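Chains as they are written, first to last, in my numbering: chain A, 1 to 67; chain B, 1001 to 1247. Here a beta-carbon is modelled for each residue, glycine too, at the ideal position from N, C-alpha and C. Remember, predicted model here, so these are calculated numbers, not experimental data. What follows is a single structure, written as structure tokens, with notes after it.
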Amino acid sequence: MPVKVNITGEREPRIVEVSRIRVKDLLAKLGLNPTEYVVLKDGEILVDDDEVVDGEAVTVFTVKSGG
Amino acid sequence: MRGVTGTLSPEELERYSRQIPVIGVEGQLRLKNSSILVAGAGGLGSAVLHYLVAMGVGRIIVIDEGLVELSNLQRQILYTVDDIGKPKVTVAYHKLKKLNPNVEITPVHARITEEIIDDYVKSVDVVVDALDNWETRFILDKACWRLGKPLVHAGVGEFYGQVTTIIPGKTPCLRCLFQGVDKTEKKPVIVMGHIPGLLGLLEVNEVVKIILGVGEPLINKLALFNAKTNSMEIVEIKKFECQVCHE
């Protein structure tokens, strides 16, 4: 089973075919800038070097900085 | 939060007559006895200040180092072309005092730094982040954490924005929630004019819930607003590790 990535605002999850991947590499694979996105797994905030493995699902959302 | 003390004048009873049936005289007195620090008097701050003053909070401190610029007027609804070049907080003070003279407003024309922010944070009940950069947000966040004050955060961009309420000891602080963001990054705000208004009012809604003790503030929840799809997704934060709040 691949890693399922739910990006908020997108209707369909993206599927990434990997067995194990670091968060920063996952974001890079998805073409997302790591300084603009937060990654959650089961409600836990993940950091760059945390790993996601085959079969897991994560939620990714963009952080806006304007005011 | 302060208790319910004092009375409402006949003028105040008339002024707030459309919301007193909702929150009662006791609720209105809670608002009147409350004090709020609004950090930033830009797009978010304009909306936040307008409504907090209109609804009758007791005391507001507004801090911002900026001067009104032409490019602000697309979204910063407190200002007009007559105000260009003037300190935002000074203009805001005069406009807001005309809206509701009952509210004590302290304008502070200054940059938010670690040296000055504690004195302002410690003197209020709730802090509102209406800032436009992470470096200053994290200074404010750290002070709120140190002093145990609720911090209502929002950020906006394009057609989107996020809102959450940080409660020291109960939620991650802003720094650990957004630990990946580049705090040195400074770029112009790119946003549709109405978006800071929408998100600013969601911040006001958080302040109201905290002061009145009603409803469910966004504690350990992040509301992600998408104006294109009219959707607000609530992301729940269940676990976190912190660089600041666990120090």
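Residue i: contacting residues in chain A (beta-carbon distance under 8 Å)
i, result
"proline 1196 of chain B", "Gly66 and Gly67"
"phenylalanine 1240 of chain B", "Glu44 and Ile45"
"glutamine 1179 of chain B", "Ile45 and Val47"
Nearest residue (CA-CA) to residue i, options the options
i, options, result
"lysine 1098 of chain B", "B:Gln1179, B:Gly1215, B:Gly1056 and B:Glu1203", "B:Gly1056"
"phenylalanine 1159 of chain B", "B:Val1053, B:Pro1196 and B:Asp1141", "B:Pro1196"
"arginine 1175 of chain B", "B:Leu1052, B:Phe1138, B:Gly1027 and B:Gly1193", "B:Phe1138"
"isoleucine 1237 of chain B", "B:Lys1228, B:Val1025, B:His1050 and B:Leu1218", "B:Leu1218"
"leucine 1201 of chain B", "B:Gly1058, B:Lys1170 and B:Phe1225", "B:Phe1225"
"aspartate 1125 of chain B", "B:Lys1088, B:Leu1070, B:Ile1061 and B:Ile1116", "B:Ile1061"
"glutamine 1028 of chain B", "B:Leu1013, B:Leu1037 and B:Ala1041", "B:Leu1013"
"methionine 1232 of chain B", "B:Pro1168, B:Gly1161, B:Val1208 and B:His1194", "B:Gly1161"
"valine 53 of chain A", "A:Leu26, A:Val38 and A:Glu12", "A:Leu26"
"lysine 1088 of chain B", "B:Lys1183, B:His1194 and B:Gly1043", "B:Gly1043"
Nearest-angstrom Cα separation, counted from residue j out to residue i
i, j, result
"leucine 1073 of chain B", "alanine 1039 of chain B", "19 Å"
"glutamate 1241 of chain B", "proline 1172 of chain B", "8 Å"
"threonine 1090 of chain B", "histidine 1109 of chain B", "8 Å"
"proline 34 of chain A", "glycine 1157 of chain B", "17 Å"
"glycine 1180 of chain B", "leucine 40 of chain A", "12 Å"
"histidine 1246 of chain B", "lysine 1122 of chain B", "Confidence at histidine 1246 of chain B is low in this model, with a pLDDT of 47, below 50, so its placement is unreliable and the value that follows should be read with caution. Approximately 20 Å, taken between the alpha carbons."
"alanine 1047 of chain B", "alanine 1154 of chain B", "12 Å"
"valine 3 of chain A", "valine 63 of chain A", "22 Å"
"proline 1021 of chain B", "lysine 24 of chain A", "52 Å"
"glycine 66 of chain A", "lysine 1170 of chain B", "26 Å"
Cβ-heavy atom distance, residue i to the ligand MN, below 7 Å
i, result
"arginine 1075 of chain B", "Although the ligand MN was asked about, the structure shown includes no ligands whatsoever."
Chain-ordered chain E contacts of residue i [CB-CB under 8 Å]
i, result
"glutamate 1185 of chain B", "The structure shown has no chain E; the protein chains it does contain are A and B."
Under 7 Å by beta carbon: chain A residues contacting residue i
i, result
"leucine 1224 of chain B", "Thr8 and Phe61"
Partner residues on chain B for residue i, Cβ-Cβ distance less than 7 Å
i, result
"valine 38 of chain A", "Phe1178 and Gly1180"
Closer than 9 Å, Cβ to any Cβ of chain A: which residues of the segment 1156-1173 of chain B, in chain order?
Val1156, Gly1157, Glu1158, Tyr1160, Gly1161, Gln1162 and Pro1172
What residues in the segment 6-32 of chain A have a beta carbon less than 8 Å from any beta carbon of chain B?
Thr8 and Gly9
I want to know whether the segment 1019-1036 of chain B touches the segment 1073-1085 of chain B - three or more CB-CB distances under 8 Å.
no
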